[in-house]
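When we follow the numbering used here, the leftmost residue of the sequence shown carries the number 3, and every step to the right adds one.
Heads up, the thing below is written out as C-alpha cells.
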Amino acid sequence: MSIIAAENLCVRYRQSLALENISFAIEPGDYVGIVGPNGSGKTTLIKTMLGLLELESGSIEIMGKPVAGFRQWQEIGYLPQATTIANKAFPASVAEVVSTGLLGTKSFPRSLSGRDWQQVAAILELLDIGQLYGEQIGNLSGGQSQRVLLARAMVATPAILILDEPTAALDPETREQFYTMISRLNREQGTTILLITHDSGTIGQYASKMLYLDHSLIFYGNFADFCHSQAMSRYFGDSSQHLMCHQH
Ligand code: ADP
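The following block contains the structure:
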C-alpha cells in the first residue's frame, strides 16, 4: 500500500487553482524531493497533506485513510522553514522543547511520563546531540537549533517526515551535515521523507524521487527517469538536467 496517494487532486484559493489534477503515489521508505518555481503550489501540497486546506475535488490519502482535519498528525512529523529560535532568552531547555513534540500523542491531561523523557533522550542521541539535553535553547548555534527542531518533529516516531526548505538559513557545511542526517533517518529508520527544496541541483544526491510541481504535476519519478524526461529538459535544458540527476 502506498503511504501517500493523491488522485486528481485540485485545491483552490478563491479565484485561482493552486493545484490542478495532481496524481501520485509515494511508497513507504521513499525520499522525495519536491521542487518547482516560487508560487508553484509546493506549500499548498504540504498543507493539504496536513489537513489544513479543503480539497476542491479529487482525493488524498495517508496510509490508506483520507486526510481529514488533524487526524493524520500522528503519522507526520513536520519541520517548517529554518528560522532561528526567535527569543534567545526563552527559558526552556532542549529536552523541554523536544518533549512538546509528544504532546500531540497525549489525551488530556497532557503530562509526560518517565518513558517520554527517555524517548526525548533517545531521539537526541539518534541525531548526535545527546549532550544538549539540558542546554538552554538560547545558547545554541543555527545548526544545533535546526537539529533540535528536527528532534521535536521526530520524537513521536512518525512514519513520514515533511521538511520545508530546512537548510535555507544554514551555512554550506552545516547544510551538508543536515542532509546526511536526513538520509540516515531515511535509511536506518525507514522514515518516508518529503523535502521541499530550491536546491534542485543537489537534491539528486540524496533523494530517491523528484516531484516537480508547476500547479500541475510536471514530473514525478526516480532520477534515472528524470534524466530522460522531455518535460524536464524543457524546464532545465539538457545539460543541467544531466548534472542534476547525479546518476552517471
Ligand atoms: P510555493 O510553496 O511553491 O511557493 P504556494 O503553495 O505557496 O507555492 O502558492 C501557490 C499559489 O497559491 C500561488 O499562486 C500563491 O500566490 C497562491 N496562494 C498561496 N497561499 C494563498 C492564500 N492563502 N490565499 C490566496 N492565494 C494563495
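Even for Gly, the Cβ is constructed at its ideal location relative to N, Cα and C.
### Message
At a threshold of 7 Å, does Ala-170 count as lining the ligand ADP (C-beta to nearest heavy atom)?
### Response
When distances are taken from the beta-carbon of Ala-170 to the heavy atoms of the ligand ADP, even the shortest one reaches 7 Å or more.
#### Entry: Coarse secondary structure for Leu-142, derived from DSSP in three states
In the structure shown, Leu-142 sits in coil (DSSP, three-state: anything other than H, G, I, E or B).
### Query
Whose C-alpha, out of Thr-50, His-200, Phe-238, Asn-40, is nearest the C-alpha of Cys-12?
If we check each option's Cα against that of Cys-12, Thr-50 comes out closest.
### Task
Please work out which residues of its chain come closer than 6 Å, Cβ to Cβ, to Gly-132, disregarding the five sequence neighbours upstream and downstream, and give them in chain order.
Setting aside the 5 residues that flank it on each side, Gly-132 is surrounded in the same chain by Leu-126, each with a C-beta closer than 6 Å to its C-beta; the list follows chain order.
### Task
Just the C-alpha distance for Gln-121 and Ile-198, rounded to the nearest angstrom, thanks.
Whole-angstrom Cα-Cα distance: 27 Å.
### Query
Any idea which residues DSSP pairs Lys-211 with across the strands?
Note: Lys-211 sits in a beta bridge opposite Val-34, Asn-224.
### Query
CA-CA distance, Asn-224 and Lys-211?
A straight-line Cα-Cα distance of about 4 Å links Asn-224 and Lys-211.
### Task
Thinking Leu-47 and Ile-36 are a contact (beta carbons under 8 Å), I'd like their distance in whole angstroms, please.
Right, the Cβ-Cβ distance comes to about 7 Å (below 8 Å), so this counts as a contact.
### Query
Helix, strand or coil for Ala-233 per DSSP?
Here Ala-233 sits in helix by DSSP.
### Query
Less than 8 Å separating the beta-carbons of Met-156 and Leu-163?
The Cβ-Cβ distance between Met-156 and Leu-163 falls below 8 Å.
### Task
Compute the Euclidean distance between the alpha carbons of Gln-249 and Asp-240, then round it to the nearest angstrom.
If you draw a straight line from the Cα of Gln-249 to the Cα of Asp-240, it comes to about 14 Å.
### Message
Does the distance between the C-beta of Asn-40 and the nearest non-hydrogen atom of the ligand ADP fall short of 7 Å?
### Response
True, at least one ligand heavy atom lies under 7 Å from that Cβ.
#### Entry: Span separating the alpha-carbon of Ile-139 from that of Thr-193
So the alpha carbons of these two residues sit roughly 26 Å apart.
### Task
May I ask you to report which of helix, strand or coil DSSP gives Val-69?
Coil at Val-69, not helix or strand.
### Terminal residues of the alpha helix (DSSP H) in which Val-96 lies
96–101 is the extent of the alpha helix (DSSP H) around Val-96.
### Query
Quick one: what does DSSP say Tyr-135 is sitting in, helix, strand or coil?
Assigned with DSSP and collapsed to three states, Tyr-135 falls in coil, not helix or strand.
### Query
Exposed or buried, Arg-16, counting other C-beta atoms within 10 Å across all chains shown (16 or more means buried)?
With fewer than 16 other Cβ atoms from the protein chains shown falling within 10 Å of its own Cβ, Arg-16 counts as exposed.
### Task
Could you please give me the residues that DSSP links to Arg-14 through a beta bridge?
According to DSSP, which records beta bridges pairwise, Arg-14 is partnered with Leu-19.
### Message
Does Glu-175 come out as helix, strand or coil in the three-state DSSP assignment?
### Response
Looking at Glu-175 - three-state DSSP - the assignment turns out to be helix.
### Query
In whole angstroms, what separates the C-alpha of His-230 from that of Ser-242?
For His-230 and Ser-242, the gap between their C-alpha atoms comes out near 12 Å.
### Task
Starting from Ser-241, follow the alpha helix (DSSP H) in both directions and report where the run begins and ends.
Following the DSSP letters along the chain, one finds Ser-241 inside the alpha helix (DSSP H) bounded by residues 240–247.
#### Entry: Whole-number beta carbon distance between Leu-219 and Ile-24, since they are thought to touch under 8 Å
That pair is a contact at about 5 Å.
### Query
For Gln-83 versus Ala-158, is the C-beta distance shorter than 8 Å?
No, the Cβ-Cβ distance between Gln-83 and Ala-158 is not below 8 Å.
### Message
the ligand ZN and Ala-20: does any heavy atom of the ligand fall closer than 7 Å to the residue's C-beta?
### Response
In the structure on display, the ligand ZN does not appear, and the ligands it does have are the ligand ADP.
### Enclosing alpha helix (DSSP H) for Ile-5 [first to last residue]
Counting along the chain, Ile-5 sits inside no alpha helix (DSSP H), nor does DSSP assign it H or E at all.
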